[in-house]
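Mapped onto the numbering used here, the consecutive letters of the sequence shown carry residue numbers -9 to 138.
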Amino acid sequence: PYDEAVEEAICFGWIDSIIKRIDDEKYARKFTPRTKDSRWSELNKKRAKKMIAVGKMTEAGLQKIEEAKRNGIWSQTSTQRKHFELSPEFENILKSNKKAWNNFNNLAPSYKKNYIGWVTSAKREETIKKRFKEVLRYLEQNKKLGLK
């Protein structure tokens, strides 16, 4: 079950992310190691505390918690975190392709957030440009971002 998988991941310093539908009954969920900037939801903080209390937390998991406490991420609440908003630059790029723009506007808010977050998380200008092109290609075909 999902909760057990997430608890196990937290114990080893990992985090779950985007899910992708395989068919009508199956989904794939991506698990990756936490980075120093990984956000901790209130629910995952509660899970981590539970895993510590029952003695399942590994050293790797404890290190990720300590790192989050040192850099202030652990104490942030969800309302203090960055909101993913469509920048004027991103909006103009999307509007340059009418089909992509229309498809973007028909996405559920969570899928819009995935697209915006994926582009804005890039550090280098060349990566940002590459992601903009990929976003346009996906949206033109009315595809969701998937496992990135």
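Just so it is clear, CB atoms sit at the ideal spot from N, CA and C, and this is done for glycine as well.
Between residue i and the rest of its own chain, which residues show a CB-CB distance below 8 Å, the 5 nearest in sequence each way excluded?
{"i": "G51", "result": "I0, C1, F2, G3, A38 and M41"}
{"i": "R71", "result": "At R71, the pLDDT of 49 sits below 50, so the modelled position is not reliable and the matter cannot be decided from this model."}
{"i": "W64", "result": "W30, K35, I55 and A58"}
Cα-Cα, which of the options is closest to residue i?
{"i": "K89", "options": "T117, Q53 and L126", "result": "L126"}
{"i": "K134", "options": "I55, D6, A112 and I12", "result": "I12"}
{"i": "A58", "options": "E79, G45, R29 and F80", "result": "R29"}
{"i": "K102", "options": "I8, T48, N61 and E115", "result": "I8"}
{"i": "E(-6)", "options": "D14, R24, K46 and P23", "result": "K46"}
{"i": "S86", "options": "K123, T117 and P23", "result": "K123"}
{"i": "E79", "options": "K119, R114, N104 and E49", "result": "K119"}
Straight-line CA distance for residue i to residue j?
{"i": "K26", "j": "Q53", "result": "10 Å"}
{"i": "Y(-8)", "j": "N34", "result": "13 Å"}
{"i": "V(-4)", "j": "D6", "result": "7 Å"}
{"i": "T69", "j": "S31", "result": "In this prediction, T69 scores a pLDDT of 48, lower than 50, which makes its location untrustworthy; the coordinate-derived value is nonetheless stated afterwards. Answer to the nearest angstrom: the Cα atoms are 11 Å apart."}
{"i": "Q66", "j": "E130", "result": "36 Å"}
{"i": "E49", "j": "P23", "result": "14 Å"}
Can the beta-carbon of residue i be found closer than 7 Å to that of residue j?
{"i": "G136", "j": "K10", "result": "yes"}
{"i": "N61", "j": "N93", "result": "no"}
Who are the Cβ neighbours of residue i in its own chain at under 7 Å, not counting the five residues just before and after it?
{"i": "R211", "result": "With the chain running from -9 to 138 in the structure shown, residue 211 is simply not present."}
What do you reckon, is the C-beta of residue i under 6 Å from a heavy atom of the ligand GTP?
{"i": "E130", "result": "As presented, the structure is devoid of all ligands, the ligand GTP included, so that no description of it is given."}
Once the 5 residues before and after residue i are set aside, which same chain residues still bring their CB inside 6 Å of it?
{"i": "F21", "result": "A(-1), W4 and D6"}
{"i": "R114", "result": "none"}
> With contact counted as at least three CB pairs below 8 Å, one residue from each stretch, are the stretch 97 to 114 and the stretch -1 to 6 in contact?
Replying inline: no
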